[in-house]
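Trainee: Okay, handing you the structure first.
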Amino acid sequence: MLSITRRLRARRGALAVLAVALAVLGAACVPPTASAPRPAAPSAGPADDIVNRHNAARAGAGLPGFAIDGALNTNAQYHAQRLASSSDGSCRLWHSGELPSWYPGRAAAENVACIGPCPSNGAQMMSMWLNSPEHSVNIFNGGYRYIGVGVACNGREGFAVVHFRS
Numbered sequence: 004m005l006s007i008t009r010r011l012r013a014r015r016g017a018l019a020v021l022a023v024a025l026a027v028l029g030a031a032c033v034p035p036t037a038s039a040p041r042p043a044a045p046s047a048g049p050a051d052d053i054v055n056r057h058n059a060a061r062a063g064a065g066l067p068g069f070a071i072d073g074a075l076n077t078n079a080q081y082h083a084q085r086l087a088s089s090s091d092g093s094c095r096l097w098h099s100g101e102l103p104s105w106y107p108g109r110a111a112a113e114n115v116a117c118i119g120p121c122p123s124n125g126a127q128m129m130s131m132w133l134n135s136p137e138h139s140v141n142i143f144n145g146g147y148r149y150i151g152v153g154v155a156c157n158g159r160e161g162f163a164v165v166h167f168r169s
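Written as structure tokens, this is what we have:
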């Protein structure tokens, strides 16, 4: 029979091991944080061109440019690919219903566009957004500091999705 002191030590040790195991398990369940924003890079494709055009438009309005956020890029790309893969050739668009869950506690918005055929840059899509009051308000909203862009082509149409967040 173990002494009371030994049993208490054994229980404390078991509790300590359990606490460490729960902490490790809990850390594995925490969603990843958004990647650190980076400044916009020179244009290397439609997505980068769209970012650069957004920043040029904002500079012309006296606003700071957007910083790129990797989580926004990932989610925007996911939605662009989803739109392209479900298209029947009619450029049918819908907005992501997941924005509140993707960016909890943050102000966020989305611009979506489709043109055919697949573009080599973002000029046409950017022109559409700038000439649309409902879309340009997102571009010129000074509360949005971060941007993410996704572009997908299904061979007939090009889809672009831009996510903005505070």
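Going by our numbering, the sequence shown opens with residue 4, and the numbers climb by one from there. Cβ coordinates follow ideal geometry from the N, Cα and C atoms, glycine included. Just so it is clear, the structure is predicted and the values come from calculations on it, not from any experiment.
(1) In its own chain, which residues sit with a C-beta less than 6 Å from the C-beta of C156, not counting the 5 before and 5 after it?
(2) Quick one: measure Cβ to Cβ for V164 and A79, integer angstroms, because I've assumed they're closer than 8 Å.
(3) Is the beta carbon of V154 sitting closer than 7 Å to the one on P49?
(4) Please name the residue in A70, A59, G63 and H98 whose C-alpha comes closest to that of G146.
(5) Taking the alpha-carbon positions, what's the N58 to I142 distance?
(6) Suppose the cutoff is 8 Å on Cβ atoms and the five residues either side in sequence are ignored; what does the same chain contact list for A62 look like?
(7) For Y149, which three-state DSSP category applies?
(8) Leaving out five residues before and five after M129 in sequence, what residues of the same chain have Cβ atoms less than 6 Å from its Cβ?
(9) Can you give me the C-alpha to C-alpha distance between H82 and G65, rounded to a whole angstrom?
(10) With E160 as the anchor, note down where its beta strand (DSSP E) starts and where it stops.
(11) Report yes if the C-beta distance between R159 and Y106 is below 7 Å; otherwise report no.
(12) Using a threshold of 7 Å, state whether the C-beta atoms of D72 and N124 are closer than that.
Mentor: With the given structure in hand:
(1) In the sequence shown, the residue the question calls residue 156 occupies position 153. Excluding residues up to 5 positions away in sequence, C121 lie with their Cβ nearer than 6 Å to the Cβ of C156 in the same chain.
(2) Position 161 of the sequence shown holds residue 164. Position 76 of the sequence shown holds residue 79. Rounded, the Cβ-Cβ distance is 4 Å, consistent with contact.
(3) Numbered from its first residue, the sequence shown carries residue 154 at position 151. Numbered from its first residue, the sequence shown carries residue 49 at position 46. Contact flag set, yes.
(4) In the sequence shown, the residue the question calls residue 146 occupies position 143. Of A70, A59, G63 and H98, the smallest CA-CA separation from G146 is found for A70.
(5) Taking the first residue of the sequence shown as 1, we reach residue 58 at position 55. Taking the first residue of the sequence shown as 1, we reach residue 142 at position 139. Whole-angstrom Cα-Cα distance: 9 Å.
(6) Start at 1 with the first residue of the sequence shown, and residue 62 comes out as number 59. Spatial neighbours of A62 in its own chain (CB-CB distance under 8 Å, excluding positions within 5 residues in sequence) are listed in chain order as G68.
(7) As a first step, residue 149 is located in the sequence shown; it is residue number 146 there, counting from the start. When secondary structure is reduced to three states using DSSP, Y149 falls in the strand class.
(8) The residue labelled residue 129 in the question sits at position 126 within the sequence shown. R56.
(9) Taking the first residue of the sequence shown as 1, we reach residue 82 at position 79. Taking the first residue of the sequence shown as 1, we reach residue 65 at position 62. For H82 and G65, the distance between alpha carbons rounds to 30 Å.
(10) Within the sequence shown, numbered from 1, the residue matching residue 160 stands at position 157. That residue, E160, is in no beta strand (DSSP E); it is neither H nor E in DSSP.
(11) Translated into positions along the sequence shown, residue 159 becomes position 156. Translated into positions along the sequence shown, residue 106 becomes position 103. No, Cβ-Cβ distance for R159 and Y106 is not below 7 Å.
(12) What you label residue 72 is simply residue 69 of the sequence shown in a count that begins at 1. What you label residue 124 is simply residue 121 of the sequence shown in a count that begins at 1. With contacts defined by Cβ atoms closer than 7 Å, D72 and N124 do not form a contacting pair.
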